[in-house]
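A quick write-up on the structure given underneath.
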Amino acid sequence: MSFSSLGWYEFGTERQYPTYKWMELARSADYLCRNILKIKAGENVVIYADSATDPRVVHATAAAAHVIGAKVTTLWYETRGDIDLPPPEPVEAAVLAADIVIEFAVAYLVHSAMWAKARKKGIDLKCLTGMNADMMVRTINPDFDQKMNEFGEIYKEIVMKGENIGRVTTPSGTDFTFKFYTPAELEELAKARPPMKRGGMLGGQGGLNANPATINGKIVVDGAFWPPSELGLLKQPIEMVCKNGRIDIVSDHHEARIAKNWFAHFNDEAVYNVLHVSTGFNPGVKRLTGDIVEDERLFGCVEFGVGRATPELPCHTDCILVNPSIWIDDQLIEEEGIFVEPRLKNKAKELGMQLWVE
């Protein structure tokens, strides 16, 4: 995600190293530790990274937590496959002894057995997989974080009112519908996976409250697709059909074949099941970079995740659709990438986005 064949000379959209915004990075790391994670003096903080991780974000975050007075341990290990393969035993031992854990590893472990054990123990875990210095400055920004969270609360309120059918279309040809989770279904999901107090994912993304098993129609992935590691930014759209939440890739160009082969190598039908559908609204993400944790938060995009994502089946990929139109029942809330619902539209302007829209 963060590295290219150019190695040290390319992190996300950057093309020069070691020159980088080190002051701004320190500010973002400090805000992450103090305001988002609310790390306290004396807490055991574990930061883990693999060999593909940008060391600058690890150092900046470790330093920020250290200044607070936390006891910081940083762990490095080899990059293991694409995602969710078990880390070395000492990594798991440290994670399970922590008060809070920050993940920077590119080959993330969100769906691993280690994370499941940590969640059961009540350990807070923050997934910032594949973060790099440029991305951290863009996406973790004290100047807009509060207003972004306010946008997210409004968005959540709107989608949670959905009762019948939601719909997503794009200019590239996407057109699928879904039913919303019922209150009873949401209650069961919350029991199975209670939210963490301080952990979770990078800010700027919200679920569409779509029941994945009810998704039907055509999905054209025209932005990004990762993993597998051979993909990222797409040169050609990958078209799929989805029936009752199960996808089938119908495109047959080079990148589509890479995706097909990756799914097939798991030899399990569950890898084709849609797991979630979300919308991105981080104003720091104005273009796709190929780093999926950032691309998922492209302002106005739709993202959907495919694959069971369990320790038993470490298969999960995220796909980005650009310029979507979204309906919640009969209400159009976004039109070709522009939020048109009045409250979302106004909050987008407060975030410095869609300023030309009347």
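Each position in the sequence shown, counted from 1, maps to that position plus 1 in the numbering used here.
All residues carry an ideal CB built from backbone N, CA and C; glycine is no exception.
All values reported here derive from a predicted model rather than from experimental measurement.
- Under DSSP, tryptophan 328 takes part in a beta bridge, and its partners are Arg168, Leu333.
- If you look at glycine 153, you'll find it in the alpha helix (DSSP H) that goes 146-160.
- Under the three-state reduction of DSSP output, methionine 241 falls in the strand class.
- For threonine 311, same chain residues with a beta-carbon under 7 Å away, outside a window of 5 residues either side, are His112 in chain order.
- For alanine 50, the secondary structure class from DSSP, reduced to helix, strand or coil, is strand.
- Within a 10 Å sphere around the beta-carbon of aspartate 83 sit 16 or more other beta-carbons, which makes this residue buried.
- In this structure asparagine 283 is buried. Its beta-carbon is surrounded by 16 or more other beta-carbon atoms within 10 angstroms.
- In this structure, the alpha-carbon of leucine 97 lies about 15 Å from that of methionine 197.
- Under the three-state reduction of DSSP, threonine 80 is assigned to coil, being neither helix nor strand.
- Distance from valine 307 to asparagine 274 at the Cβ level is roughly 7 Å; contact confirmed, criterion being Cβ atoms closer than 8 Å.
- For aspartate 330, the closest alpha carbon among the candidates Lys287, Phe179, His317 is that of Phe179.
- If you look at valine 323, you'll find it isn't in any alpha helix (DSSP H); DSSP assigns it neither H nor E.
- In this structure, valine 102 keeps its C-beta atom at 7 Å or more from the C-beta atom of threonine 54.
- The Cβ-Cβ distance between aspartate 296 and alanine 349 does not fall below 7 Å.
- With fewer than 16 other Cβ atoms inside 10 Å of its own Cβ, leucine 333 counts as exposed.
- Each residue's CA atom was taken as its position, placing leucine 190 and arginine 344 some 28 Å apart.
- Proximity to leucine 126 across Ala193, Arg199, Thr75 peaks at Arg199, based on C-alpha coordinates.
- In this structure, the CA atom of phenylalanine 267 is about 36 Å from the CA atom of leucine 33.
- Within the same chain, and ignoring the five residues on either side of leucine 235 in sequence, the residues whose Cβ sits closer than 8 Å to its Cβ are Val222, Asp223, Gly224, Ala225, Phe226, Glu256.
- The beta-carbon separation of alanine 95 and valine 47, rounded to 5 Å, stays under the 8 Å limit for a contact.
- Here glutamate 240 is buried. Its C-beta has 16 or more other C-beta atoms within 10 Å.
- Note that the C-beta distance between alanine 30 and phenylalanine 105 is not below 7 Å.
- Counting along the chain, the unbroken alpha helix (DSSP H) around leucine 190 starts and ends at 184-193.
- With respect to methionine 202, cysteine 128 sits close: the two C-beta atoms are nearer than 7 Å.
- Burial state of glutamate 304 is buried, judged by a 10 Å Cβ sphere holding 16 or more other Cβ atoms.
- At the C-beta level, threonine 170 and serine 326 come within 7 Å of one another.
- Straight through space, the alpha carbons of leucine 352 and arginine 288 are spaced by roughly 16 Å.
- If only complete runs of 3 or more residues are kept, the segment 68-125 shows the beta strand (DSSP E) at 72-78, 101-104, in order along the chain.
- Lysine 122 and isoleucine 37 have their alpha carbons spaced roughly 21 Å apart.
- The shortest C-alpha to C-alpha distance from proline 238 to any of Asn217, Asn245, Ala260 is the one to Ala260.
- The segment 202-216 makes no contact with the segment 56-65; the number of CB pairs closer than 8 Å stays below 3.
- Counting every other CB atom within 10 Å of its CB across the protein chains shown gives leucine 110 a total of 16 or more, marking it as buried.
- By the criterion of a C-beta distance shorter than 8 Å, glycine 43 is surrounded in its chain by Gly70, Ala71, Lys72, once the five residues flanking it on both sides are discounted.
- Take glutamate 151, set aside five residues on each side of it, and the residues of its chain with a beta-carbon closer than 7 Å to its own are Lys348, in chain order.
- With a threshold of 16 other beta carbon atoms within 10 Å, arginine 247 meets it and is buried.
- Around the beta carbon of threonine 183, fewer than 16 other beta carbons sit within 10 angstroms, so the residue counts as exposed.
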